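Visitor:
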Amino acid sequence: MIQSRTVYLVLVLGLVIGAGQIGPSEAVVPELSDRDSVSFGLTKEGFIPAWLVAGPFEQPLVGFGQAVDADVIGEATISPTAGKTERTTLVEDGKVAWKPFHGSPDGFVDFNVSMGWVHPGSEPEKIWKAKTGYAFTYIDSPGEQEVILKVGSNSSLKVLLNGETVHTSTHDRNAEPDTDTVPLRLHSGKNALLIKVGQTHRNEAPDFFGALRFEWGFYARLLSPDLVPAQDIRVVVQTGAEKSSAELVSTFFFKESSEGLQQRFDLVVSSLSEEQEAGKLHIRTASTEHTTELERIPFGESRHIVYLPAITAEKAAHVNLALEANTLSWETVLRPQPHFEIHLAMMSHTDIGYTNTQPVVKERHLRTLDDVLARLEQDSSFAWTIETVWQLEQYRQARSPAQFDRLMTFVRTGRVAVSPIYTNPFTGWISAEEMIRSFDIGHAYAREYDLEFTTAIYNDVPGLSWFIPQALENEGISFLTTGINEVYNDYRMQRNLPKVFYWKGAGGGRVLTHRTEAYNEGQTLGLEKGVDAVPLRLWERLHRLQAQGYPYHLILAVHTFGDNGGIPLNAPATAKAWNAEYAYPRIQISNLDAFAEAFQVRYDSLPTLTGDWTSTWDVLYQGEPARTVRQRWVQHHLPTAEKMSTLSWLLDQNHDPLSDIVDSAYDNLLHFSGQGSGLEYGYGSPKDNLTTMAYREQYVQDALLATTEVLERATYRLSAREESFEGEGLYVFNALNWSRDAPVEVEFPRENTHQYRVIDLDSKNEIPSHYGGYTLRFVARDLPPMGYKKVRLERRTHPQSDPGEALQTHDCTIANTYYRIRGDCQAGRIAHIVDLESGETLIDNDEQSTFGRPLRADSLFSLSFETMDVDEVKMFVRDERPARLVLVAEREDHLFAQTEYALWENLDRVDVQHTVNLELLVSPSQVEDYSVAFPFAISNQEAAVEVLGGFLDGETDRFPGIEHDAFAPRRSIAIHNSTQTISWAAVDSRVVRLRKGASGDRTTIYANLVNNFPENWNRWEPNEGTLDF
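Residue numbers (our numbering): 31 to 1059.
1. Within 10 angstroms of the Cβ of A810, are there 16 or more other Cβ atoms? Answer buried if so, exposed if not.
2. Under the rule that 16 or more other beta-carbon atoms within 10 Å means buried, what is R442, buried or exposed?
3. Using only alpha-carbon positions, find the residue among Y786, E870, E867, P492 that is nearest to P829.
4. Three-state secondary structure (DSSP) at Y4?
5. E305 to P366, Cα distance in whole Å?
6. On the DSSP bridge assignment, give the partners of L823 in chain order.
7. Along the chain, where does the alpha helix (DSSP H) that runs through Y479 open and close?
8. Counting along the chain, where does the alpha helix (DSSP H) carrying N719 start and finish?
9. Would you identify the three-state DSSP class for I992, choosing helix, strand or coil?
10. Who are the near neighbours of Y729 in its chain, counting only those whose CB is closer than 6 Å to its CB and skipping five residues on each side?
11. Could you tell me which whole beta strand (DSSP E) segments of length 3 or greater appear in the region 635-683?
12. N782: buried (16+ other C-beta within 10 angstroms of its C-beta) or exposed?
13. Buried or exposed, going by whether 16 or more other CB atoms sit within 10 Å of the CB of E144?
14. Starting from K940, trace the alpha helix (DSSP H) both ways and give me its first and last residue.
15. Check whether the region 557-569 and the region 507-527 touch, using three or more Cβ-Cβ pairs below 8 Å as the test.
16. Specify the secondary structure class of I691 as computed by DSSP and reduced to three states.
17. Could you tell me the distance, in whole angstroms, from the CA atom of V98 to the CA atom of V962?
18. Give me the residue from A861, L866, A887, G869 with the minimum Cα distance to T880.
19. Entirely within the region 366-412 and at least 3 residues each: give me those beta strand (DSSP E) ranges in chain order.
20. Restricting to Cα atoms, I'd like to know which of G641, I157, P814, E758 is closest to P990.
21. According to DSSP, is L494 helix, strand or coil?
22. Is T1034 a contact residue of the ligand NAP, with contact defined as CB to any heavy atom under 6 Å?
23. For the region 258-267 against the region 193-213, do three or more pairs of beta-carbon atoms, one drawn from each stretch, fall closer than 8 Å, so that the two count as touching?
24. Please report the distance separating the alpha-carbon of F248 from that of L187.
25. At what residues does the alpha helix (DSSP H) containing D623 begin and finish?
26. Pull the bridge partners of F509 from the DSSP assignment, please.
27. Is E710 buried or exposed, if buried means 16 or more other CB atoms sit within 10 Å of its CB?
28. Expressed to the nearest angstrom, what Euclidean distance is found between the alpha-carbon atoms of D381 and G579?
29. Considering only the beta carbon of each residue, do G704 and P450 sit closer than 7 Å?
30. Thinking C-beta only, is R662 closer than 7 Å to D1058?
31. Taking N142 as part of the alpha helix (DSSP H), name the residues at either end of that continuous run.
32. Hey, could you find the ends of the alpha helix (DSSP H) Q576 is sitting in?
33. Buried or exposed: where does V788 fall if 16 or more other Cβ atoms within 10 Å of its Cβ makes it buried?
34. Taking all protein chains shown into account, decide if I335 is buried (16 or more other Cβ within 10 angstroms of its Cβ) or exposed.
35. By the DSSP assignment, the alpha helix (DSSP H) with P431 in it spans what residues?
36. I'd like the list of long-range same chain contacts for E286, defined as Cβ closer than 8 Å, with 5 residues on each side in sequence excluded.
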């Protein structure tokens, strides 16, 4: 979810005059001596020729990757001298120096040349990013006068004169002379002129509506009011005590020549001569000498390219640079450099219903694969990766068998790689069965076309569940690429994880995992902007990899045109042009399979990490509470439905096993949880947003109806043969693999007026039961594993009056054989839950968040909850003996409308149900978290969370870099010590936080019931009705 597209329409009407011209400022300009400065006249066109420049500096982002202007140097008072340093996060040692620089002959001040060759350090390459650079000079005016500054920039621009901001532009644009007109008033003497130019990730991205060039810099010239170059103005650059200097830099750029492989070395000269100079470079080593004539060495820093025979071992060299005014000589070392090989793996990213409504997304991918097929047949060097089997399946359904087979021919021959996962679902949402079934269609293709899948890619999520290594190993997949998206995660995983490692799962399976910085990493190589952009981008990208400890010379560059986008055609064209000129780094048009095979052949000694990596998007950035409750219902009941339908088929194979209906339910679940959670706000109209969410509603509803159909048909098949037994009765099925006792609730028609006795047909004994509100409740005991019990319903002639002895109540207290729950009726809260066997209190109300208390947080990353105010809580006991007792807390006109605590007859469990009134939620400005606290009074606690793949320790079984305390449990959490265990299970709440209390040794479970999203978020749903959790 990366690409943003903004169209700007700018109407320029000549000279721009504001409320008045900018006048002289009181800013203090230091006295400059001739020894500490160099002076220039304007060019004949009026361009300002000489500057001090400094950068790059990072700029903050807001919203959807929009840059914000931030002062990082003290812009209003800056008075730099050459060599003065500023702090920056974008350079290896954290600082950059102001350095003299001369504009090009056409007047362009090129920040790429002056700031692009820095070593970037180990900071992650960010998906959305913004940087800025500064240029400073003094304008020496013989007297007070009015002038016109004509300026053009790529991209954003800010101009300060004598410490005062006189002009800004925030548009994405290319640099052209005279784009902006800024009236200035110079005072007599030296005037401080500071120009700030920024650019963003969009300067590297593919062009959607117009070509935003890779360039970074500006044009600036001074004109008189009659628009001719200003006269008698000098430009003064404060050089301080700096002297001319030079260095010879070894690079990793290589070319082939008739004399063999040649390595590029860059001569970087910083000249303080006012005039351009010619020069002669002489390099002498123990075995060779080399001389190069240099025609133009301007004032300031300049870079000159020299090619020498490739160095295979460090070699000492003497360097002599003869200039017209003086000579520079020094000793250096020529260093060998890696021969980098870059595999460019192009693909289209699947984001169902994100850029467009779901039907249009399908059409976009169909068109892309049409284009891919045509390109494969036209260009023998072209290769492609199909990111999800969903893309391939849509193509099979929509195109002729002949056309589909043409595409599959290239899959068989290796030109097209296919990742065998269906929709790349959010792994914090799904069940193990859903993940396993996500390979089913891939299996079918493998059988039909004799394929073997060994690689997979999982894009656009910040992390994955611990189950993934085991699932992939079971499928024969040895290599996983993760195109993580950490725009909302501060790139914590990239800071903490190696780029390549073996990931060992909870079950012992492992997979070689290659962590990319995003699914559009290839864009950062400059391939969308032509060959001229590639050297600078490779210089930064490859040095960043080295600084991050990446020791390998084989590099994967995953490249997409965007979400649900087409072929990024500029990239292969640029790669071909680059390879025609350079031997290394070599850019190979490749795919995921080819890279994985090459990497695994060459490298095997890799670190191993173990732990869970469930994405923050899975646990923090998901809304749709009503849909999620129904999704969870399907996840819990669909395996039971499948077991029962299979059992009914085994008993009578004349029956349809209902597999197609089961398959459709899983298919809808995988569409709901698949990559893409709704239309990004701003990409479509409100109507489009509603359409997209209607499809998501349909996925859940169709899955629910399919599950219900299989359950009801299978139940009927299994029970139909005994419909003839005397009287009314029930089958109670246990679909688990162990015997158990379970509560039973059966709803009757509203017209039913009968009361019933429930008779166990095995023991012939009456089962304690309660009938009320058209619902019959009882506990079925000793249910056999994968089996059932039959009970008969006998109509009572008189209402039941015996409450039995197993359940007791007094005031706001209820108890069964195992627990006693005491409510504080006045305060409207739970005072104690006592384990009757040990006599110990199970809940800890000394903690700040008392048991069952509704809580609210203003942010998903908030470290603190606030208690929600309640005007009045009505607490009472609902007597449903002899089946159960229910302690009820009612809150009038409150989001958490009701909470029920139920104890069943002789069942070792406490049931808690919350009713949330969604009608009381209003659209917020930021996401709100509504949760309920469960503090438990067990000393020396540990917590084990059942996630996809098994139980994990909340403190030790997660990857480094995960700072939040949220989890996505499949069913349960165990709070335990060496002698006690409390099992906490959540049917509907799929997000919890585990947080230590004030004492430091006790854990509170915070169960998230609702995330309330702003209406402009793509995971929003109307807040209607009530939900029971």
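C-beta: ideal position from N, C-alpha, C; glycine also. Note that this is a predicted model, so its numbers are computed, not measured.
Guide: In terms of the structure at hand:
1. Here residue 810 corresponds to residue number 780 of the sequence shown, with the count starting at 1. By the Cβ-count criterion, A810 is buried, with 16 or more other Cβ atoms from all chains shown falling within 10 Å of its own Cβ.
2. To locate residue 442, count along the sequence shown from 1; it is residue 412. Counting Cβ neighbours within 10 Å, R442 comes out exposed, since fewer than 16 surround it.
3. Locating residue 829 in the sequence shown gives position 799, where the first residue counts as 1. With distances taken between CA atoms, P829 lies nearest to Y786 out of Y786, E870, E867, P492.
4. The requested residue 4 is not part of the displayed model; the chain covers only 31 to 1059.
5. Along the sequence shown, one-based indexing puts residue 305 at 275. Along the sequence shown, one-based indexing puts residue 366 at 336. Approximately 35 Å between the Cα atoms of the pair.
6. Reading the sequence shown from its first residue, position 793 is the one you call residue 823. DSSP output for L823 lists E758, V788 as bridge partner(s).
7. On the sequence shown, residue 479 is found 449 positions in, with the first residue counted as 1. Segment 470-479, the alpha helix (DSSP H) holding Y479.
8. Sequence index remark: in the sequence shown, residue 719 carries index 689 (1-based). Segment 716-750, the alpha helix (DSSP H) holding N719.
9. Within the sequence shown, residue 992 is the residue found at index 962, counting from 1. I992 falls in the coil class under three-state DSSP.
10. Against the sequence shown, residue 729 aligns to sequence position 699. Hits under 6 Å: N698, H701, F702.
11. The qualifying runs are 638-640.
12. On the sequence shown, position 752 is the one that residue 782 refers to. Exposed is the call here.
13. Residue mapping note: residue 144 aligns to position 114 of the sequence shown, counting from 1. Reading off the sequence, residue 144 comes out as Ser, not Glu. Around the beta carbon of S144, 16 or more other beta carbons lie within 10 angstroms, which makes this residue buried.
14. Taking the first residue of the sequence shown as 1, we reach residue 940 at position 910. It is Val, not Lys, that sits at residue 940 in the sequence shown. Here V940 belongs to no alpha helix (DSSP H), and DSSP marks it neither H nor E.
15. Segments in contact, no.
16. In the sequence shown, the residue the question calls residue 691 occupies position 661. Note: I691 maps to helix in three-state DSSP.
17. Position 68 of the sequence shown, counted from the first residue, corresponds to residue 98. Position 932 of the sequence shown, counted from the first residue, corresponds to residue 962. V98 and V962: Cα-Cα distance of roughly 37 Å.
18. On the sequence shown, position 850 is the one that residue 880 refers to. Closest option to T880, judged by alpha-carbon separation, among A861, L866, A887, G869: A861.
19. Listed in chain order, the complete beta strand (DSSP E) runs (minimum 3 residues) inside the region 366-412 are 371-376.
20. In the sequence shown, the residue the question calls residue 990 occupies position 960. When only C-alpha atoms are compared, the closest one is G641.
21. Working through the sequence shown from its first residue, we reach residue 494 at position 464. When secondary structure is reduced to three states using DSSP, L494 falls in the coil class, being assigned neither helix nor strand.
22. Absence of the ligand NAP from the depicted structure is noted, as is the absence of any ligand whatsoever, leaving it without description.
23. Put simply, the region 258-267 does not touch the region 193-213. Fewer than three CB pairs are less than 8 Å apart.
24. Position 218 of the sequence shown holds residue 248. Position 157 of the sequence shown holds residue 187. Taking the straight line from one Cα to the other gives about 9 Å.
25. Position 593 of the sequence shown, counted from the first residue, corresponds to residue 623. Counting along the chain, the alpha helix (DSSP H) containing D623 begins and ends at 622-632.
26. Position 479 of the sequence shown holds residue 509. According to DSSP, F509 bridges with T485, L542.
27. Within the sequence shown, numbered from 1, the residue matching residue 710 stands at position 680. Counting the other CB atoms within 10 Å of its CB gives E710 a total of 16 or more, which places it among the buried residues.
28. The residue labelled residue 381 in the question sits at position 351 within the sequence shown. The residue labelled residue 579 in the question sits at position 549 within the sequence shown. In this structure, the CA atom of D381 is about 32 Å from the CA atom of G579.
29. Along the sequence shown, one-based indexing puts residue 704 at 674. Along the sequence shown, one-based indexing puts residue 450 at 420. Taking C-beta atoms as the reference points, G704 and P450 fail to come closer than 7 Å.
30. Taking the first residue of the sequence shown as 1, we reach residue 1058 at position 1028. Taking the first residue of the sequence shown as 1, we reach residue 662 at position 632. Going by C-beta atoms, D1058 is not nearer than 7 Å to R662.
31. In the sequence shown, counting from the first residue as 1, residue 142 sits at position 112. Segment 141-145, the alpha helix (DSSP H) holding N142.
32. Counted from its first residue, the sequence shown places residue 576 at position 546. That run of the alpha helix (DSSP H) goes 564-577.
33. One-based indexing of the sequence shown puts residue 788 at position 758. Of the residues assessed, V788 falls on the buried side of the cut-off, its CB having 16 or more other CB atoms within 10 angstroms.
34. Walking along the sequence shown from the start, residue 335 turns up at place 305. Around the beta carbon of I335, a 10 Å sphere encloses fewer than 16 other beta carbons of the protein chains shown; the residue is thus reported as exposed.
35. Mapped onto the sequence shown, residue 431 falls at position 401. Boundaries of the alpha helix (DSSP H) harbouring P431: 431-443, taken from the DSSP string.
36. Here residue 286 refers to the residue found at position 256 when the sequence shown is read from its first residue. Once the five neighbours on either side are set aside, the close Cβ partners of E286 are Q292, A613.
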